[in-house]
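Below: one structure, written as structure tokens.
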């Protein structure tokens, strides 16, 4: 939903080294974490429990990660794709199955952060507040009020030069009423939601794990969602405070997490690794058993098809005004592309290319490429784009050109998600059996 600076590019060298350490250093041990359906008495386990929760060679040693890009009203695109994936899980495991039952971490930036919260916040009976099929109806019902379409575009443009395009009141009130007093620590599986603190000029990453270990980061989930959606020029920044049992307080002055990472995949993996190494460091030793691996599905919100629109010759005489719109497009594309390229390279380096599935479309045009056109016509078009993305062949980004290249023999994204659903279901059953046997 926002401008995005490729800050995550700095993470890769450390990330590659760290994942290598984790792969060969986490010792096998019995896990007390409760897997499968989350109940009123279940506790969200740490990622190190997943890595150490099964004998070497069993499929329960995957850390299953779902990440969702930012993109404003284009959240309808991942909403469509996630509804398909959850439907496949329900075909295998019953109508009450939810994505939070199968993913060890669900992460999102901006509109993706809101979706992550909807999928993981506890509702009645401590089950997820929203099923994936409910995401798109939420956007269709509330999108026009979040992004009201103005008829006088000239005065709207002039007003946006001195204040945010939207006042954000409806969005704030809706999120607060929906999430209530739920805090980050209360989510039914681990979440990661990036924001950016404009006072500190530093990314602030909220996660379930940090919330349980650092009370001053255990914010209301509503505050986190409002913050990660506060796209500069579109919605106002968000201020709030947290406090701990000793009376200490912390102030937050936050804007859209897309400033740090519109695609949260690498930030999420880094947070998981931090969790594993922090809680498992006393037991880690080199070259021992247990091969802890990642399985990541990353859902994009589409991107503009304006590749080749800007050239050095054309832009060489531009000033501040002429650069305003292009710089937004360039920052957004740069951030998302850098993360996708580096994640692809990382999984290839680890000989795990098949464990990273990126579903994205870079051919959006017109209103569909914007983040705030919430007209009925455009919202239906975004849903159709999501459906078309399911039918598209599995592709990986070419690190030299940034274009997506079809993976031979991989089939469509829909088929890949169906395979993923079966893998997640089989792994869930393995974890349940392992937990029931006391880890033996």
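Residue numbers (mature numbering (1 follows the signal peptide of the UniProt record, and there is no 0)): -24 to -1, 1 to 416. Where is the CB? At the ideal position from N, CA and C, for every residue including glycine.
Cα atoms of residue 98 and residue 108: separation of roughly 14 Å, rounded to the nearest angstrom. Contact between residue 355 and residue 48 does not hold, since the beta-carbon distance rounds to 11 Å and is not under 8 Å. For residue 50, the closest C-alpha among the options 408, 280, 295 and 377 is that of 280. Here the alpha carbons of residue 348 and residue 209 stand approximately 12 Å from one another.
Distance from the CA atom of residue 167 to the CA atom of residue 276, rounded to whole angstroms, is 17 Å. Taking the C-beta atoms as reference points, residue 228 is found no nearer than 9 Å to residue 241. Linking residue 184 to residue 294 through their CA atoms gives a straight-line distance of about 45 Å. In the pairwise beta carbon analysis, the stretch 219 to 239 is classified as touching the stretch 305 to 315: at least three pairs are separated by under 8 Å. For residue 380, the enclosing beta strand (DSSP E) starts and ends at 380 to 382. Separation of the CB atoms of residue 397 and residue 65 is rounded to 5 Å, and the pair is thereby assigned contact status at 8 Å. Note on the stretch 75 to 99: whole alpha helix (DSSP H) runs with a minimum of 4 residues are 87 to 96, in chain order. Here the alpha carbon of residue 220 sits roughly 35 Å from the alpha carbon of residue 273. Residue 53 places its beta carbon 9 Å or farther from that of residue 378. In chain order, 108 place their CB closer than 6 Å to the CB of residue 58, counting only its own chain and leaving out the 5 sequence neighbours on each side. Taking every protein chain shown into account, the CB of residue 71 has fewer than 16 other CB atoms within 10 angstroms, so this residue is exposed. Per DSSP, reduced to three states, the secondary structure at residue 138 is coil, with no helix or strand assignment. Taking the C-beta atoms as reference points, residue 231 is found no nearer than 9 Å to residue 195.
Annotated as distal: residue 116 and residue 95, with beta-carbon spacing of 9 Å or more. Residue 112 has its alpha-carbon roughly 29 Å from the corresponding atom of residue 179.
Runs of the beta strand (DSSP E) lying entirely within the stretch 321 to 374 and spanning at least 3 residues, in chain order: 332 to 335 and 371 to 373.
A direct Cα-Cα distance of roughly 23 Å separates residue 381 from residue 61.
Secondary structure of residue 38 (DSSP, three-state): strand. Under the 10 Å beta carbon count, residue 412 is surrounded by fewer than 16 other beta carbons and is classified as exposed. Between residue 164 and residue 76, the beta carbon gap of about 5 Å places them in contact (Cβ cut-off 8 Å). Judged by DSSP secondary structure, residue 173 falls within the beta strand (DSSP E) whose first and last residues are 166 to 173. In the displayed model, residue 405 falls within a helix according to three-state DSSP. Following the DSSP letters along the chain, one finds residue 274 inside the beta strand (DSSP E) bounded by residues 269 to 275. Per DSSP, the unbroken beta strand (DSSP E) holding residue 227 starts and ends at 225 to 231.
The Cβ atoms of residue 368 and residue 337 sit closer than 9 Å to each other.
A Cβ-Cβ distance of about 24 Å is found for the pair residue 302 and residue 212, leaving them out of contact under the 8 Å criterion. The three-state secondary structure of residue 185, taken from DSSP, is helix. For the set 300, 41 and 101, the Cα lying nearest the Cα of residue 84 is the one of 41. Out of 384, 385, 339 and 350, the CA that lies nearest to the CA of residue 364 is found in 339. Distance from the CA of residue 269 to the CA of residue 44, rounded to the nearest whole angstrom, comes to 20 Å. For residue 216, the enclosing beta strand (DSSP E) stretches over residues 214 to 219. Under the DSSP assignment, residue 59 falls in the alpha helix (DSSP H) whose first and last residues are 52 to 69.
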